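Novice: Got a structure for you, written out below as structure tokens; questions coming shortly.
There are 2 protein chains.
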Amino acid sequence: MICNAYHIFFKNLANPIKTKIIMELKEKPMSVSELIEKTKIEQSKLSHALSNLKFCKIVEVKQKGKQRIYSLNKKTIIPILKIIDKHRVNFCPGCNRK
Amino acid sequence: MICNAYHIFFKNLANPIKTKIIMELKEKPMSVSELIEKTKIEQSKLSHALSNLKFCKIVEVKQKGKQRIYSLNKKTIIPILKIIDKHRVNFCPGCNRK
DNA sequence: GGATAATATGAAACTTTTTTCATATAATAA
DNA sequence: TTATTATATGAAAAAAGTTTCATATTATCC
Numbered sequence: 279m280i281c282n283a284y285h286i287f288f289k290n291l292a293n294p295i296k297t298k299i300i301m302e303l304k305e306k307p308m309s310v311s312e313l314i315e316k317t318k319i320e321q322s323k324l325s326h327a328l329s330n331l332k333f334c335k336i337v338e339v340k341q342k343g344k345q346r347i348y349s350l351n352k353k354t355i356i357p358i359l360k361i362i363d364k365h366r367v368n369f370c371p372g373c374n375r376k
Numbered sequence: 279m280i281c282n283a284y285h286i287f288f289k290n291l292a293n294p295i296k297t298k299i300i301m302e303l304k305e306k307p308m309s310v311s312e313l314i315e316k317t318k319i320e321q322s323k324l325s326h327a328l329s330n331l332k333f334c335k336i337v338e339v340k341q342k343g344k345q346r347i348y349s350l351n352k353k354t355i356i357p358i359l360k361i362i363d364k365h366r367v368n369f370c371p372g373c374n375r376k
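Chains as they are written, first to last, in my numbering: chain C, 279 to 376; chain E, 279 to 376.
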């Protein structure tokens, strides 16, 4: 997997688990255990997902003792989420319901 | 399929055929036959792809005689593509090679 | 109305992603 | 240096997405 095409990057956003992680990390950097607790996503699944997100530099990691603290690349992700929010309001009015 | 989650929208961008279509429509609105000619994507494949893009309002269609003219929702898509271009320059320097 | 051109659709086959599960690794504490 | 906690990894199974192919639809021209 090489991140040299748009679609590789977007695969990370095209998956509900990965967007859930992103939403959580939007709040603050977190260790994996904290993410597990907040998202209720199973450990190994989370780990696989984080590994993809890291690959495309959507998140980055720092070691802190036994823990790894993941943080969001806000510079890229926040503006994208904003565009989608707008898109839904403007073009998918029916789509905003749960 | 309901477009009420980020990841549904992004599925459209997470696929090389769909991004190819987007790149083509960035230039100008086009009929399906014109898209076939430019992209060399097979008719039915193109049609399926366009149907998803349309669903999420990434493209829209207008009938013109027998033809259907597809056009890109530039308001949403152009800014997103720009963000990714920046992202690659800033965070994935190794990823820009073909 | 029938023929033709342009595009869409449905379903099965195929491919790619995700999930699961068992196990590995790495850091710290005892 | 062993035990424990935190996280990662690989591979097979399961699920989801894409392709293919045959056929349907729709608009126009005759």
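Using N, Cα and C, we set each Cβ at its ideal position, and we do this for glycine too.
What you are looking at is a predicted structure, and each value in this text was computed from that prediction instead of being measured.
1. Taking its Cβ as the centre, do 16 or more other Cβ atoms sit within 10 Å of Val367/C, making it buried, or is it exposed?
2. What is the rounded straight-line gap between the Cα of Asn273/E and the Cα of Lys360/E?
3. Residues in the same chain with beta-carbon distance under 6 Å from Lys316/E, minus the five sequence neighbours each way, listed in chain order, please.
4. Under a CB-based cut-off of 9 Å, is Ala283/E close to chain C?
5. Note down, in chain order, every chain C residue with its Cβ under 8 Å from the Cβ of Ile319/E.
6. What's the gap between the Cα of Ser309/E and the Cα of Lys340/E?
7. Counting only C-beta atoms, is Ile299/C closer than 9 Å to chain E at any point?
8. Quick check: the Cα distance between Lys318/C and Leu324/C, rounded to an integer number of angstroms?
9. Is the distance from the Cβ of Phe288/E to the Cβ of Phe288/C below 9 Å?
10. Hey, Ser322/E and Glu338/E: beta-carbon distance below 9 Å or not?
11. So if DSSP puts Tyr348/C in a beta bridge, which residue, or which two residues, is it bridged to?
12. Using a Cβ-Cβ distance under 9 Å, would Lys289/C count as near chain E?
13. Note down, in chain order, all residues in the segment 324-341 of chain C with a beta-carbon under 8 Å from any beta-carbon belonging to chain E.
14. Just the chain E side, please: which residues come within less than 9 Å of Ile362/C by C-beta, in chain order?
15. Is Pro294/E close to chain C? Criterion is C-beta to C-beta, closer than 9 Å.
16. On the CB-based measure, 16 or more other CB atoms within 10 Å of its CB, does Lys296/E come out buried or exposed?
17. Could one say the Cβ of Arg346/E lies closer than 9 Å to chain C's Cβ atoms, at least one of them?
18. Going by Cα to Cα distance, which pick from Ile358/E, Thr354/E, Ile347/E is closest to Phe414/C?
19. Evaluate His285/C with the Cβ neighbour count: other Cβ atoms within 10 Å of its Cβ, from every protein chain shown; 16 or more gives buried, anything less gives exposed.
Specialist: On the basis of the supplied data:
1. Result: exposed.
2. Only positions 279 to 376 of chain E appear in this structure, which leaves residue 273/E out of reach.
3. Within the same chain, Lys316/E has close Cβ partners Glu302.
4. yes
5. By Cβ distance, chain C contributes nothing, its closest Cβ being about 14 Å from Ile319/E, past 8 Å.
6. 9 Å
7. By this cut-off, Ile299/C is not an interface position.
8. 9 Å
9. Less than 9 Å separates the beta-carbon of Phe288/E from that of Phe288/C.
10. no
11. Met308/C, Val339/C
12. yes
13. If the cut-off is 8 Å between Cβ atoms, the segment 324-341 of chain C has Cys334, Lys335 near chain E.
14. At a beta-carbon threshold of 9 Å, the residues of chain E lying near Ile362/C are Tyr284, Phe287, Phe288, Thr354, Ile358, ordered along the chain.
15. So yes, Pro294/E belongs to the interface.
16. Classification of Lys296/E: buried, given that the 10 Å Cβ count is 16 or more.
17. no
18. Nothing in the structure corresponds to residue 414/C, since chain C is present only between 279 and 376.
19. Answer is buried; the Cβ neighbour count reaches 16.
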